[in-house]
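Numbering (the numbering used here), first residue to last: 68 to 323.
Shown next as C-alpha cells:
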C-alpha cells in the first residue's frame, strides 16, 4: 500500500504516505489510497483527531512527474483526485495535524498546509516548487498561503520557489511547532491525543466555525488554479522544466 493507516490510541489515527523511494511523491495509486485513508478517519466515530506524515526522509516531494494522467486533463485530476482528499481534510470537523518529517514540496506543501495544525522537523522545509518547472501553485495553495502570510509574501514564496526552512516557517506562522526530526510524529500524536481528550463537539464545531470564516473564497480559488494549471502544463516551458529536473540541469525557459 502507498498509504499506511494505524490507530495510535483509541481516538487518534496516523496516516503515513508510503512511497519513500520517491520522497512520497504522488502517483495515481497514492492519491486513491490517501483519499481512502482520510475518508476512513473522517467517518470513523472513534477517531477524534488524525495525523498525516511521510515515511522515510520526506513528507512529500509533490506530484510524481513520471506519472501520466492518460486521457484526462490535469484540471480533471486536480479537481477529482487531489481535490477529493484535500476537501475532506478541510471539510471534516475533526482536527487534522500534519507531521512534517522532511521536505514538503509542490502539492506536498499544499497537503501540509491544508491540515489544521502543523508540527515540523527542524531540518525540514516547505517549497512551492511549481514555478521551477513552469507551473503555478495548485490544490488551493494560492489561497492557503495568502491566508497564512498575506498577499505580498505569499506571492514572493510562490514565484521564487525557494526552500522555506523550519525556522522561517515558524516565524511566518506556517507551522505551529518545530521539533527535532525524531520527535515529529511522537509530538504530533501527543498533541492529537490531548485534543482528543477535550470535548469533541466543541472541538468539531470550533473547526467548522473557523473554517467557514476563512474559506469563503477557497473553492473558487481551487477551481481557478485547476483551470490555469491546465494551460501551464501544456506549455513548452513546463516540458522543459520537467526535462531539466529529470536531467539535473538548469532549465532554459522561453515563455511559450
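Ideal Cβ positions, reconstructed from N, Cα and C, are used throughout, including at glycine.
Take residue i as the anchor and find which of the options has the nearest alpha-carbon.
{"i": "residue 111", "options": "79, 249, 208, 317", "result": "79"}
{"i": "residue 318", "options": "100, 201, 243, 235", "result": "201"}
{"i": "residue 240", "options": "173, 314, 292, 183", "result": "183"}
{"i": "residue 294", "options": "263, 255, 205", "result": "205"}
{"i": "residue 250", "options": "166, 282, 71", "result": "166"}
{"i": "residue 113", "options": "308, 288, 260", "result": "260"}
{"i": "residue 145", "options": "214, 310, 290, 224", "result": "290"}
{"i": "residue 287", "options": "279, 309, 210", "result": "210"}
{"i": "residue 324", "options": "266, 133, 196", "result": "This structure does not reach residue 324, given that the chain is present from 68 up to 323, and the question cannot be answered."}
{"i": "residue 226", "options": "306, 309, 196", "result": "196"}
{"i": "residue 124", "options": "88, 275, 147", "result": "88"}
{"i": "residue 77", "options": "264, 70, 298", "result": "264"}
Using the Cβ count rule (16 or more neighbours within 10 Å means buried), how would you classify residue i?
{"i": "residue 219", "result": "exposed"}
{"i": "residue 212", "result": "buried"}
{"i": "residue 86", "result": "buried"}
{"i": "residue 90", "result": "buried"}
{"i": "residue 284", "result": "exposed"}
{"i": "residue 135", "result": "exposed"}
{"i": "residue 173", "result": "buried"}
{"i": "residue 138", "result": "exposed"}
{"i": "residue 82", "result": "buried"}
{"i": "residue 292", "result": "buried"}
{"i": "residue 217", "result": "exposed"}
{"i": "residue 298", "result": "exposed"}
{"i": "residue 255", "result": "buried"}
Measuring CB to CB, does residue i end up less than 8 Å from residue j?
{"i": "residue 153", "j": "residue 181", "result": "yes"}
{"i": "residue 194", "j": "residue 248", "result": "no"}
{"i": "residue 252", "j": "residue 187", "result": "no"}
{"i": "residue 191", "j": "residue 168", "result": "yes"}
{"i": "residue 233", "j": "residue 189", "result": "yes"}
{"i": "residue 84", "j": "residue 142", "result": "no"}
{"i": "residue 179", "j": "residue 131", "result": "no"}
{"i": "residue 271", "j": "residue 160", "result": "yes"}
{"i": "residue 262", "j": "residue 162", "result": "yes"}
{"i": "residue 304", "j": "residue 316", "result": "no"}
{"i": "residue 164", "j": "residue 296", "result": "no"}
{"i": "residue 281", "j": "residue 214", "result": "yes"}
{"i": "residue 129", "j": "residue 175", "result": "yes"}
{"i": "residue 185", "j": "residue 149", "result": "no"}
Mind reading off the beta-carbon distance from residue i to residue j? Whole number of angstroms is fine, and I expect it under 8 Å.
{"i": "residue 329", "j": "residue 95", "result": "Beyond the ends of the chain as shown, which are 68 and 323, falls residue 329; an answer cannot be given."}
{"i": "residue 198", "j": "residue 221", "result": "About 13 Å separates the two Cβ atoms, so there is no contact after all."}
{"i": "residue 100", "j": "residue 69", "result": "5 Å"}
Return yes when at least one heavy atom of the ligand HEM lies under 7 Å from the C-beta of residue i, else no.
{"i": "residue 205", "result": "Among the components of this structure there are no ligands whatsoever, and the ligand HEM is therefore not found."}
>> I want to know whether the segment 101-109 touches the segment 151-169 - three or more CB-CB distances under 8 Å.
In response: yes
> Are the segment 88-106 and the segment 115-131 touching, with three or more C-beta to C-beta distances below 8 Å?
Replying inline: yes
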